Amino acid sequence: PPPPPAAPPRETVRTSNPDSHTAELPGVPGRELLLLRRLTAFSERLLGIYDVERILESLMDEAIEVTRADKGFLILMESGEPRVRVARNVSRENIEDAVEKDRISDSIIAKVVKEQKPLIVADALDSPEFNKSESVVNLRVHSVMCVPLMHKGDLFGVIYVGNDRLVNRFEPKSADMLTIFAAQASLILQNAMLVNDLKLDNTELRRKLEDQRYGDIVGACQGMRDVYKRIDKIAPTDISVLITGETGTGKELIAREIHRRSPRTKGPFITINCGAIPENLLESELFGHVKGAFTGAVATKGGKFQAAIGGTLFLDEIGEMPLQLQVKLLRALQEKVVYKVGDNRGEPVDIRVVAATNKVLEDEVKKNTFREDLYYRLNVVTLKLPPLRERGEDVVVLGRFFLQKYAREFNSKARGFTPSATVSMRKYGWPGNIRELENRLKKAVVLADKPLLGPDDLDLKPENLEPIMPLLQAKEEFQKRYINEVLARNNGNRTKTAKDLGVDPRTIFRHLEKLEAEKSGRPLPPEEGDELL
Numbered sequence: 121p122p123p124p125p126a127a128p129p130r131e132t133v134r135t136s137n138p139d140s141h142t143a144e145l146p147g148v149p150g151r152e153l154l155l156l157r158r159l160t161a162f163s164e165r166l167l168g169i170y171d172v173e174r175i176l177e178s179l180m181d182e183a184i185e186v187t188r189a190d191k192g193f194l195i196l197m198e199s200g201e202p203r204v205r206v207a208r209n210v211s212r213e214n215i216e217d218a219v220e221k222d223r224i225s226d227s228i229i230a231k232v233v234k235e236q237k238p239l240i241v242a243d244a245l246d247s248p249e250f251n252k253s254e255s256v257v258n259l260r261v262h263s264v265m266c267v268p269l270m271h272k273g274d275l276f277g278v279i280y281v282g283n284d285r286l287v288n289r290f291e292p293k294s295a296d297m298l299t300i301f302a303a304q305a306s307l308i309l310q311n312a313m314l315v316n317d318l319k320l321d322n323t324e325l326r327r328k329l330e331d332q333r334y335g336d337i338v339g340a341c342q343g344m345r346d347v348y349k350r351i352d353k354i355a356p357t358d359i360s361v362l363i364t365g366e367t368g369t370g371k372e373l374i375a376r377e378i379h380r381r382s383p384r385t386k387g388p389f390i391t392i393n394c395g396a397i398p399e400n401l402l403e404s405e406l407f408g409h410v411k412g413a414f415t416g417a418v419a420t421k422g423g424k425f426q427a428a429i430g431g432t433l434f435l436d437e438i439g440e441m442p443l444q445l446q447v448k449l450l451r452a453l454q455e456k457v458v459y460k461v462g463d464n465r466g467e468p469v470d471i472r473v474v475a476a477t478n479k480v481l482e483d484e485v486k487k488n489t490f491r492e493d494l495y496y497r498l499n500v501v502t503l504k505l506p507p508l509r510e511r512g513e514d515v516v517v518l519g520r521f522f523l524q525k526y527a528r529e530f531n532s533k534a535r536g537f538t539p540s541a542t543v544s545m546r547k548y549g550w551p552g553n554i555r556e557l558e559n560r561l562k563k564a565v566v567l568a569d570k571p572l573l574g575p576d577d578l579d580l581k582p583e584n585l586e587p588i589m590p591l592l593q594a595k596e597e598f599q600k601r602y603i604n605e606v607l608a609r610n611n612g613n614r615t616k617t618a619k620d621l622g623v624d625p626r627t628i629f630r631h632l633e634k635l636e637a638e639k640s641g642r643p644l645p646p647e648e649g650d651e652l653l
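Quick note, our numbering runs 120 ahead of the 1-based positions in the sequence shown.
Here you go:
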């Protein structure tokens with residue numbers, strides 16, 4: 121039988137890199153393969169660079185090299201209009217005049233922008249459609265290629281290259297190569313632009329966060345702004361301050377901020393939780409003891425009062441202090457002298473006292489569990505912290521703050537919240553306030569396996585959210601709170617409150633009767649038809 125026909129010759133190419141494992145590839149024309157390898161190396165080189173201007177120039181230089189063009193322009197869409205961002209020649213020099221005059225926003229560019237398809241004009245001067253194009257006339261190019269830069273189906277720019285000599289006219293293969301290059305360039309450029317946008321977003325977020333901070337305290341709702349204004353006034357003085365608010369509202373942070381902004385800022389800030397220490401040890405913790413004062417007192421030791429000399433003493437949970445010790449605390453505050461347990465010699469102390477409680481001390485005074493004279497000694501100025509549920513957008517601001525903090529600390533993937541998560545955060549009642557929010561965020565960040573945290577990550581299921589009440593009930597609740605706020609502002613003056621609210625004084629009396637009935641458990645008095653709303 122005749123021998124089988126010889127196989128067609130294979131075109132092979134050898135790269136300049138002797139270590140390449142793909143030095144010879146069958147069936148790929150030599151120049152195209154070299155260009156593809158060059159494009160791959162170029163892409164790898166640029167993917168780690170996020171300087172957009174530098175990338176734009178490098179992309180344009182490479183496009184000119186790949187297509188053997190004399191000059192090129194990289195154009196990005198800005199507000200829907202094409203704008204020249206880079207104009208380069210074959211010598212890798214900027215064509216400043218072209219950038220300044222933006223002379224190539226013409227019919228060639230317009231066609232590519234409209235159709236979003238590559239365009240090659242082999243002989244521009246001979247083309248009836250484009251021979252009067254501004255770029256052809258002003259830049260004296262004979263052959264033109266223009267390809268779109270696409271991202272997720274949307275055009276965001278174009279690459280335009282031109283040749284000055286007809287002998288170097290572009291061919292369809294050149295257009296194919298530039299199209300491939302444009303696709304890769306789009307990925308590199310979008311990657312850089314995304315990183316830059318994230319940097320700008322983070323910078324803006326940090327700026328906004330700074331605007332919403334007061335020292336170490338995060339939040340800018342009106343209730344907190346009122347607190348900040350009072351701190352500005354009382355911090356420079358030495359008067360005693362009582363901080364009230366629910367558990368987890370940040371009372372210690374407020375106390376530290378008062379200290380930081382006071383003349384005592386270089387002195388110590390000493391804190392003691394009056395509810396966490398057994399009664400038989402609390403006096404020693406506060407005032408110190410002498411050797412042998414009680415079993416286990418093997419040496420003389422100073423207390424928190426002595427440690428705070430020259431600075432601030434923060435008495436947390438002051439409402440938990442036993443009555444017997446309240447007498448000694450009052451004496452120390454009045455005389456500025458303390459007595460160690462087992463000693464009858466007083467020690468002068470120069471300190472400022474800031475106290476905090478989550479109890480209503482007026483009620484504790486009525487119940488005889490808190491001394492009235494001590495209450496007035498501590499309560500020279502009161503700072504009432506609003507609960508988190510009343511702080512509006514602060515809950516999201518605080519959430520982002522804790523997310524960033526713990527994402528850095530635990531090297532977590534978490535970067536933000538889903539829209540449904542932010543809605544759930546706003547709707548949830550947060551009985552544990554900021555402490556609860558922080559703990560939930562810490563847990564979510566540690567367990568996160570995706571960049572955006574959802575409601576489930578924060579354990580904010582629908583059943584955890586506050587129930588929706590009927591509109592009539594919501595109106596009544598708002599009316600009750602609002603009247604109480606205005607009454608407090610008017611120091612309980614009912615007539616002035618009625619005048620401020622524009623209602624009959626009987627409405628205010630009726631409101632107070634209802635409150636008394638609710639507190640005592642008595643039946644509500646009969647309705648008289650007086651309504652605020």
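Where a beta carbon is used, it is the ideal one built from N, C-alpha and C, also for glycine. What you are looking at is a predicted structure, and each value in this text was computed from that prediction instead of being measured.
Taking just the CA atoms, how far does residue j sit from residue i?
i, j, result
"residue 383", "residue 561", "36 Å"
"residue 534", "residue 577", "11 Å"
"residue 346", "residue 339", "11 Å"
"residue 497", "residue 603", "30 Å"
"residue 470", "residue 456", "7 Å"
"residue 637", "residue 484", "21 Å"
"residue 660", "residue 401", "Here the chain covers residues 121 to 653 and nothing more, so residue 660 does not appear."
"residue 361", "residue 635", "29 Å"
"residue 182", "residue 206", "13 Å"
"residue 579", "residue 516", "16 Å"
Since residue i is in the beta strand (DSSP E), which residue starts that stretch and which ends it?
i, result
"residue 607", "Careful: residue 607 lies outside any beta strand (DSSP E), inside the alpha helix (DSSP H) at 591-609."
"residue 459", "457-459"
"residue 468", "466-468"
"residue 364", "361-364"
"residue 501", "501-504"
"residue 209", "201-209"
"residue 615", "No beta strand (DSSP E) holds residue 615; the alpha helix (DSSP H) holding it covers 614-621."
"residue 193", "191-198"
Between residue i and residue j, is the Cβ-Cβ spacing less than 8 Å?
i, j, result
"residue 480", "residue 467", "no"
"residue 305", "residue 269", "yes"
"residue 436", "residue 392", "yes"
"residue 355", "residue 434", "no"
"residue 228", "residue 266", "yes"
"residue 298", "residue 279", "yes"
"residue 565", "residue 527", "yes"
"residue 487", "residue 409", "no"
"residue 175", "residue 277", "no"
"residue 371", "residue 505", "yes"
"residue 452", "residue 425", "yes"
"residue 450", "residue 503", "no"
"residue 571", "residue 536", "yes"
"residue 573", "residue 538", "yes"
"residue 557", "residue 522", "yes"
Whose CA, out of the options, lies closest to the CA of residue i?
i, options, result
"residue 388", "377, 397, 395", "377"
"residue 290", "500, 492, 238", "238"
"residue 512", "482, 341, 230, 311", "341"
"residue 351", "292, 412, 380", "380"
"residue 302", "471, 190, 281", "281"
"residue 509", "554, 277, 188, 482", "554"
"residue 575", "545, 592, 598", "545"
"residue 407", "421, 204, 549", "421"
"residue 294", "264, 274, 531", "264"
"residue 287", "605, 190, 253, 199", "190"
"residue 532", "563, 337, 619", "563"
"residue 363", "596, 187, 438", "438"
"residue 199", "275, 185, 184", "275"
So, with DSSP's three-state summary, where would you put residue i?
i, result
"residue 274", "strand"
"residue 541", "helix"
"residue 636", "helix"
"residue 352", "helix"
"residue 392", "strand"
"residue 262", "coil"
"residue 438", "helix"
"residue 333", "strand"
"residue 298", "helix"
"residue 472", "strand"
"residue 251", "coil"
Please report whether the beta-carbon of residue i lies at a distance below 8 Å from any beta-carbon of chain D.
i, result
"residue 607", "In the displayed structure, chain D is absent; only one protein chain is listed."
Over what stretch of residues does the alpha helix (DSSP H) that includes residue i continue unbroken?
i, result
"residue 533", "No alpha helix (DSSP H) contains residue 533, which DSSP labels as neither H nor E."
"residue 373", "371-380"
"residue 181", "172-187"
"residue 486", "481-486"
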